[in-house]
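Here the structure comes first, spelled out in structure tokens, and everything after it is commentary.
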Amino acid sequence: MFTGIVEELGEIVATAPASLSIRGKLITSDAHHGDSIAVNGVCLTVTAVTDDVFTVDVMGETYKRTALDTLKPGDQVNLERAATLSTRMGGHLVQGHVDAVGEILRREPEAEWETVTFRVPEALTKYIVEKGSITIDGVSLTVVAVKGEEFSVGLIPTTMQLTTLGRKRPGDPVHIETDIIAKHVEKLLEAKS
Numbered sequence: 001m002f003t004g005i006v007e008e009l010g011e012i013v014a015t016a017p018a019s020l021s022i023r024g025k026l027i028t029s030d031a032h033h034g035d036s037i038a039v040n041g042v043c044l045t046v047t048a049v050t051d052d053v054f055t056v057d058v059m060g061e062t063y064k065r066t067a068l069d070t071l072k073p074g075d076q077v078n079l080e081r082a083a084t085l086s087t088r089m090g091g092h093l094v095q096g097h098v099d100a101v102g103e104i105l106r107r108e109p110e111a112e113w114e115t116v117t118f119r120v121p122e123a124l125t126k127y128i129v130e131k132g133s134i135t136i137d138g139v140s141l142t143v144v145a146v147k148g149e150e151f152s153v154g155l156i157p158t159t160m161q162l163t164t165l166g167r168k169r170p171g172d173p174v175h176i177e178t179d180i181i182a183k184h185v186e187k188l189l190e191a192k193s
């Protein structure tokens, strides 16, 4: 479980058909074999740690459901260690289980922030509500508007500076994880029918 508060921008060091190696000085400071780390919002298991680089295995299914296969050495990624029972809940409950790959449609700079609009598969739209929580590339955000298959969030300067969302452009893919509570409520209501 994660909070959606990115701890560090990591750098892809190496890619292989079934693994990624990522440099992250803060993340590796206490990382061990078997730990869960969110990489752009995808929960992955550490298989090795050497100095400030950790390696994670990536299954074919994960590559199919995410955009991790587009990463190359030198790319930056959002990193977050798994939450503990003493972790502050600054974001919201994030599983690290990506629902779909969305796309950035447009960026609209304002005086002190930026509004970014995304498109998601139609099947996800029922879980996205105005003022609700959403995770984009592992970043916990609040939805400001929803219209059909599009939704918008506001990015403050800190989020743009400390996450990859400040560098992504229209057309770029992003990992979308909707709020788990909405999915559980839906399942419970279906069971009552």
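Numbering follows UniProt numbering, in which position 186 of the sequence shown is assigned residue number 186; successive positions increment by one, without gaps. No residue lacks a Cβ here, since even glycine has one placed at the ideal position from N, Cα and C.
Spatial distance of residue i from residue j (CA atoms)
i           : j    : result
T3          : H92  : 5 Å
D51         : K126 : 44 Å
T87         : V39  : 18 Å
A100        : E190 : 22 Å
K187        : I181 : 10 Å
G154        : V98  : 21 Å
V13         : L85  : 31 Å
residue 194 : E112 : This structure gives no information on residue 194, because the portion of the chain shown stretches from 1 to 193.
H175        : L68  : 9 Å
V6          : I37  : 11 Å
V129        : H184 : 15 Å
G34         : T70  : 24 Å
Residue i and residue j closer than 9 Å at C-beta
i    : j    : result
D57  : A82  : no
G166 : G41  : no
K131 : V144 : yes
S21  : T55  : yes
M160 : E114 : yes
Candidates the options, of which the one nearest residue i by Cα
i    : options              : result
I27  : E177, E80, A145, T70 : E80
G74  : G24, I5, V116, V153  : G24
G90  : T135, A111, I12      : T135
E103 : F151, V185, L9       : F151
G171 : K183, L105, T70      : L105
E108 : G148, L44, R169      : R169
A16  : V49, M59, K147, T45  : M59
Rounded Cβ spacing between residue i and residue j (contact assumed at less than 8 Å)
i    : j    : result
S133 : D179 : 5 Å
Q95  : T164 : At roughly 20 Å, the Cβ-Cβ gap does not stay under 8 Å, so Q95 and T164 are not in contact.
Inset, instruction - Pair every Cβ in the segment 59-72 with every Cβ in the segment 109-123, then say whether three or more of these pairs are closer than 8 Å. - result: Touching, no.
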